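Notes for the one structure printed next.
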Amino acid sequence: MAETAHTSWYRQGVVAVTSGSTKVTGSNTKWLTAGINPGATFRIDGLPYAYEVAEVVSDTEIQLARAYYGSNLSSQSYSIDRNFQSTLPADLAARNAVVMGKYENYIDTDMATVTGESAYQAAVRLGKTTAATESAWIDELKAGTEYTALKNNVAALLADGAGSHNAMFFDKNLGAFTDTISGNIRSGAFTDIFPGCYFDFSNVAYSYLDKNNETQQSTYSGRMRVMDLDYFLRCGDTDLTTHHIVVVPDASMYNAQMHNTESGAYEAGAANTTEGGYVGSDMRTVNLRRAEAIFKACFGADHILSHREYLVNAVSDGRPSGGAWCDSLVELMDERMVYGSCIFDSGNPDGTNVPNRYSTGNSQLNAFRHTKYLISNRQYYWLRNVVSAACFAYVYNLGICTYDNASNAYGVRPAALIY
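Going from the sequence shown to the numbering used here is simple: count from 1 and add 11.
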């Protein structure tokens, strides 16, 4: 069909696409000259998938917002719907483009025997529209009940706030942590922030005090992932009213012991104890200093939110027997935060101990709930739960929860609240 002034669709020339690439190469095309803009919808004729145009590089090159994933093709007819550009939010436009692409493909496939007939021409011939132009027909479809329902559903999913955003998982790089992102967190809107989003850090310098109170210096490279939004909001003996995200590294930051009564390595069992619970452990009193320094170096000390958590501080007969509200910046995760339930922290089976197993970390973090593979990073890493007089719980490299002697050096994969 020839390009006309009144049509919303642009079809001049042919294109070539490569599987896995966002680049579209045109032949005899005039994309820049014709005023194609980011936000337009691109589709290969005869294929059911539509793509959002991210950038118009030249008359013969455009970049798509996501990679083309079909077969390598050349000299293919195509269509670009200019009616979507800059008229809808990008996320809604992408969803709508898929729906409209499938709808048009259905009509085009049904009319495949009619050479050169577009979906609009087929609709006119079949008496399904009285629109005078193809552009008017597209507007007619947009005003239809199916599109309106789609728009309303998408609007509900994308509404600002922790409630709607916690219901979704986006494996998305947020780039650098900026004042804008911080503002979106502190306001409680969480614009463009979802469980699964992440920050990548490379060679971030930090310093910390080791167990001998000597200053050590190192660098951190790794991925910090948003695990939940407002997880601790309104919790604690002091009401937490500050909006926040819970951030956990994808991989352990380093290895360290939970507790060791001896200086040096494990010696015939004498080094292992859970006396004093998690609060009194070497992990919390000394070994988490390094993790705290890493979080502060990556996000800035002013963006690490101090809050109150209830933590085990006494153990009797190998079970928690006491607890207290503690000031918290960076903590190991609880079994419930990772797995969604207690596994070894089983409480009070015979009634002889006060279990003190309740915690503000009382439910599975949403990123773990949505995407279970994040639990198992094929590493060993400690959890803060007391299992016996000598053992704490940890995540085994196969993904299961188990336990081991407190003097073993396993991974440190803690959580911090960022705002």
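Ideal Cβ placement from N, Cα and C applies to all residues, glycine included. Bear in mind the structure is a predicted one, so any value in this text is a computation, not a measurement.
* Looking only at C-alpha atoms, which of Pro49, Ala302, Leu75 and Ser399 sits nearest to Tyr60? -> Comparing Cα positions, the closest option is Leu75.
* Asked: Which whole-angstrom value is the C-beta distance of Gly172 and Ala143, which I expect to be below 8 Å?
  -> Not really, about 43 Å apart at Cβ, beyond 8 Å.
* Reference Tyr219; option with closest CA among Tyr209, Ser213, Tyr231 and Phe210 -> Nearest option by C-alpha distance: Tyr231.
* Asked: By the 10 Å Cβ neighbour count, where 16 or more other Cβ atoms means buried, how is Asp241 classified, buried or exposed?
  -> buried
* **CB contact flag (Tyr392, Tyr384, <8 Å)** => no
* Residue range of the beta strand (DSSP E) that includes Cys309 -> Note, Cys309: premise wrong, no beta strand (DSSP E); alpha helix (DSSP H) at Arg300 to Phe310.
* For Ser85 and chain B, any beta-carbon pair shorter than 8 Å? -> Absent here is chain B; the protein component of the structure consists of one chain.
* Asked: With burial defined as no fewer than 16 other Cβ atoms inside 10 Å of the residue's Cβ, what is the status of Thr98: buried or exposed?
  -> The predicted model places Thr98 with a pLDDT of 47, which falls under 50 and marks its position as unreliable; any figure quoted below should be read in that light. Answer is exposed; the Cβ neighbour count stays below 16.
* What is the DSSP secondary structure of Gly174, reduced to helix, strand or coil? -> helix
* To do: Pick out whichever of Lys222, Asp182 and His318 has its Cα sitting closest to the Cα of Cys246.
  => His318
* Can you name the residues that DSSP bridges to Thr337? -> According to the sequence displayed, residue 337 carries Cys and not Thr. Paired residues: Glu320.
* Asked: Run through DSSP, which three-state label would Phe379 get?
  -> helix
* To do: Less than 8 Å between the CB atoms is what I'm expecting for Ser374 and Gly410, so what's the real figure, rounded?
  => Not really, about 19 Å apart at Cβ, beyond 8 Å.
* Identify the residues that DSSP records as bridge partners of Gly452: which are they? -> With the chain represented from 12 up to 430, any question about residue 452 goes unanswered, as that position is not in the structure.
* Simplified DSSP state of Glu225, which is helix, strand or coil -> coil
* **Integer-rounded CB distance, given that Thr371 should sit under 8 Å from Tyr321** => 6 Å
* Is Arg93 helix, strand or coil by DSSP? -> Assignment of Arg93 by DSSP, reduced to helix, strand and coil, places it in the helix class.
* **Ile432 versus Ala187 - alpha carbon distance** => Given a span of 12 to 430 for the chain in the structure shown, any question on residue 432 remains unanswerable.
* Asked: When you compare only the Cα positions, how much space is there between Asp250 and Asn377?
  -> 22 Å
* Asked: Whose C-beta lies closer than 8 Å to the C-beta of Leu394 among residues of the same chain, with five residues either side of it excluded?
  -> Leu343, Met344, Asp345, Glu346, Val349, Phe403, Ala404, Tyr405, Val406 and Cys412
* Three-state secondary structure (DSSP) at Gly280? -> Only weak support is given to the placement of Gly280: the predicted model assigns it a pLDDT of 45, under 50, and the value that follows is read from those uncertain coordinates. Of the three classes helix, strand and coil, the one that applies to Gly280 here is coil, per DSSP.
* With respect to the alpha helix (DSSP H) encompassing Leu152, which residues constitute its N-terminal and C-terminal limits? -> Counting along the chain, the alpha helix (DSSP H) containing Leu152 begins and ends at Glu145 to Lys153.
* Could you give the DSSP three-state label for Glu128: helix, strand or coil? => DSSP places Glu128 outside both helix and strand once states are collapsed to three, so it counts as coil.
* Asked: Among the residues of its own chain, which have a CB less than 7 Å from the CB of Thr202, if the five just before and after it don't count?
  -> Asp171 and Asn195
* Spatial neighbours of Ile354 in its chain, beta-carbon cut-off 6 Å, leaving aside the 5 residues before and after -> Excluding residues within five positions, the ones whose Cβ falls inside 6 Å are Glu346 and Cys412.
* In chain order, what residues of the same chain have a beta carbon less than 6 Å from the beta carbon of Gln228, not counting five sequence neighbours either side? -> Ser218
* To do: Take the Cβ of Met179 as the centre, count every other Cβ of all protein chains shown within 10 Å, and call the residue buried at 16 or more, exposed below.
  => exposed
* **Chain-order list of residues whose beta-carbon lies under 6 Å from that of Ser418 (same chain, five-residue window excluded)** => Gln268, Asn271, Tyr277, Ala282 and Asn283
* Three-state secondary structure (DSSP) of Ala10 -> Given that the chain is displayed from residue 12 to residue 430, the structure contains no residue 10 and the question cannot be resolved.
* **Cβ distance (whole Å) where Val323 is taken to contact Ala426 below 8 Å** => Not quite, the Cβ-Cβ distance comes to about 17 Å (not below 8 Å), so this is no contact.
* To do: With a floor of 3 residues, list each beta strand (DSSP E) that falls wholly inside the segment 210 to 266, ordered by position along the chain.
  => 226 to 240 and 256 to 260
* **DSSP bridge partner residues for Val64 (one or two, in chain order)** => Leu75
* **Between the CA atoms of Thr29 and Ser82 - distance to the nearest angstrom** => 7 Å
* Identify the continuous beta strand (DSSP E) that holds Gly422 and give its terminal residues. => Taken as a continuous stretch (DSSP letters only), the beta strand (DSSP E) holding Gly422 covers Ala420 to Val423.
* Helix, strand or coil for Asp70, going by three-state DSSP, please let me know. => coil
* Burial state of Ser86, where buried means 16 or more other Cβ atoms lie within 10 Å -> In the assembly as shown, Ser86 is an exposed residue. Its beta-carbon has fewer than 16 other beta-carbons within 10 Å.
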